[in-house]
Amino acid sequence: MHEIICPHCGKAFKIDEAGYADILKQVRDSDFEKQLHERLELAERDKRNAVELAQARIAGESQKAVAAREAEILALKARLDAGELERQLAVTEALRSVEKERDELRSGLQRAELEKRLAERSLKEKYETQIRDRDDAIERLRDMKARLSTKMVGETLEQHCETEFNRIRATAFPRAYFEKDNDARSGSKGDYIFRDSDAAGTEIVSIMFEMKNESDETATRKRNEDFLKELDRDRTEKGCEYAVLVSLLEPDSELYNTGIVDVFHRYPKMYVVRPQFFIPIITLLRNAAMKSLEYKSELALVKAQNIDITNFENQLEAFKTAFGKNYDLASRRFQTAIDEIDKSIDHLQKTKEALLGADRNLRLANDKAQDVTIKRLTRGNPTMASRFAELGNRDP
């Protein structure tokens, strides 16, 4: 039996097992259904709340993601805008730099073109002037040749060269010698001799000049080669380093009309020039010699040093020879003195030995004198014995 208390009135009543089980079953079923229903409702509310929270969270996260994406899009857009602006600025700057460089190049090209035109014009004018001067000189020479005799033309060419040299002597060749060669002792002479020296008097360069020309009316036409041998001989005899033939011969020769022509294959250090190259050949040879002047000075110094060394060696040899002679003489005299000393020593030694012998004899004599007694003196001499006896008796 089971006792059950009524929850309303508080009375207790008893029921059997079957009733208790039935009541318990009813209560349990009703309570279970109620709890189940409540729990289902609670679960449904939790589900709805969870869904709502999830939806809210998802919506929030979506909004955040959208906001972040929008911010990122805005940042990218701003960067793109900035990059586009920077690119536009860079392009603008590059275009400005290229345009500036283009303008400079254009200006430089225009300036170069202008300079080129000016240089071409100046060069053209220069050569035109030179050509006109050359044509004028040729015309003057032709006119001069047509009017003067052979001798007069030659003399005029010499005067022309002398005048040209004297015109620049003071500025270009202040220490130079340029005079006519008047020394004909060897049977031949050139026209002019040029010598130039430095401030110390060392010769820089020397040139033997010969001037040759002939007029159109001359019957016998000469060639430049006809005068080279004699010019080389004059150069050698007068001690000049170079030889130059200033010539108007062979006026149609393309070789000699080119300017300065060396004929080293025939004669050493020889040139053939037209009159307009008279001053240039002097200048060229002098400038070339100036480069070797330092070596010439050094060579002269070395030669002087060699001479000093030779003189020193000669003096040393002379001193050694004189000293040797004096030494031999002194040595011989010294040996003679030694020999004399040796002889004196031998003589003194003999004298010493003689004195020693005398000393021995004196010592023996003294010993003998010490052994002398009256008894020995009167032995065998009765007269002396009686005399000594008498003298002994007289003593007190």
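The sequence shown lines up with residues 1 to 396 when you count with the numbering used here.
All C-beta atoms in this analysis are idealised placements derived from N, C-alpha and C, irrespective of residue type, glycine included.
**OP:** Rounded to whole angstroms, what's the CA-CA distance from Q159 to R106? Just pull it up for me.
**Re:** On the sequence shown, residue 159 is found 159 positions in, with the first residue counted as 1. On the sequence shown, residue 106 is found 106 positions in, with the first residue counted as 1. About 56 Å.
Practice task
Look up L248 in the DSSP assignment and say whether it is helix, strand or coil.
Solution key: Counted from its first residue, the sequence shown places residue 248 at position 248. L248 sits in coil when the DSSP states are folded into three classes, being neither helix nor strand.
**Study point:** Close Cβ partners of P382 (< 8 Å) along its chain, the five nearest in sequence each way excluded
**Key:** If you number the sequence shown from 1, residue 382 lands on position 382. Cβ within range, chain order: n/a, list empty.
Checklist entry - Can you tell me whether DSSP reads V51 as helix, strand or coil? => result Your numbering for residue 51 matches position 51 in the sequence shown. Reduced to three states, the DSSP call for V51 is helix.
Q) I think K222 touches L245, with their Cβ atoms under 8 Å apart; what is that distance to the nearest whole Å? A) Here residue 222 refers to the residue found at position 222 when the sequence shown is read from its first residue. Here residue 245 refers to the residue found at position 245 when the sequence shown is read from its first residue. Their Cβ separation, rounded to whole angstroms, is 11 Å, which puts K222 and L245 out of contact at 8 Å.
Under the rule that 16 or more other beta-carbon atoms within 10 Å means buried, what is C9, buried or exposed?
-> Walking along the sequence shown from the start, residue 9 turns up at place 9. Exposed, because fewer than 16 other Cβ atoms sit within 10 Å of the Cβ of C9.
Does the count of Cβ pairs from the region 292 to 301 and the region 172 to 187 closer than 8 Å reach three? Short answer: they don't touch.
Could you pull the DSSP bridge partners for M270 from this structure? For the purposes of this step, residue 270 is identified with residue 270 of the sequence shown, where counting begins at 1. Its beta-bridge partners are A243.
Inset, instruction - From the DSSP output, in three-state form, read off D262 for me. - result: Here residue 262 refers to the residue found at position 262 of the sequence shown. Three-state result, D262: strand.
Residues near D262 in its chain [Cβ-Cβ closer than 6 Å; skip 5 each side]:
Position 262 of the sequence shown, counting from 1, holds the residue named residue 262. So the qualifying residues of the chain are Y271.
Q) Hey, would you say D181 sits closer than 8 Å to D191, going by beta carbons? A) Taking the first residue of the sequence shown as position 1, residue 181 is located at position 181. Taking the first residue of the sequence shown as position 1, residue 191 is located at position 191. The answer is yes: Cβ separation under 8 Å.
What does the Cβ neighbour count give for V205, buried or exposed, with the cut at 16 atoms within 10 Å? The residue labelled residue 205 in the question sits at position 205 within the sequence shown. Label assigned to V205: buried.
Handout entry: Straight-line gap, A18 to K25 (C-alpha atoms, nearest Å)
Key = Start at 1 with the first residue of the sequence shown, and residue 18 comes out as number 18. Start at 1 with the first residue of the sequence shown, and residue 25 comes out as number 25. One C-alpha to the other measures close to 10 Å.
Q | Straight-line gap, C240 to L123 (C-alpha atoms, nearest Å) | A | Against the sequence shown, residue 240 aligns to sequence position 240. Against the sequence shown, residue 123 aligns to sequence position 123. For C240 and L123, the distance between alpha carbons rounds to 38 Å.
Among T202, R363, F178, E214, which has the Cα closest to the Cα of F278?
The residue labelled residue 278 in the question sits at position 278 within the sequence shown. Comparing Cα-Cα distances from F278 to each of T202, R363, F178, E214, the minimum goes to F178.
Cα-Cα, which of P280, P251, S386, I260 is closest to E139? Locating residue 139 in the sequence shown gives position 139, counting from the first residue. For E139, the nearest C-alpha among the options comes from P251.
Please state if the CB of I207 and the CB of Y256 are separated by a distance shorter than 8 Å.
-> Translated into positions along the sequence shown, residue 256 becomes position 256. Translated into positions along the sequence shown, residue 207 becomes position 207. It is not a contact, given that the beta carbons lie outside the stated cut-off.
Could you give the DSSP three-state label for E203: helix, strand or coil? In the sequence shown, residue 203 corresponds to position 203, counting from 1. Of the three classes helix, strand and coil, the one that applies to E203 here is strand, per DSSP.
**Message:** Is the separation between the beta-carbon of R169 and that of A176 shorter than 8 Å?
**Reply:** Walking along the sequence shown from the start, residue 169 turns up at place 169. Walking along the sequence shown from the start, residue 176 turns up at place 176. Yes, they are a contact pair.
From what residue to what residue does the alpha helix (DSSP H) around K180 run? Translated into the one-based positions of the sequence shown, residue 180 becomes position 180. Looking at the DSSP string, K180 is not in any alpha helix (DSSP H); the run it does join, the beta strand (DSSP E), is 177 to 180.
### Query
Between which two residues does the alpha helix (DSSP H) containing R223 stretch?
In the sequence shown, residue 223 corresponds to position 223, counting from 1. In this chain, R223 is not harboured by any alpha helix (DSSP H), its DSSP state being neither H nor E.
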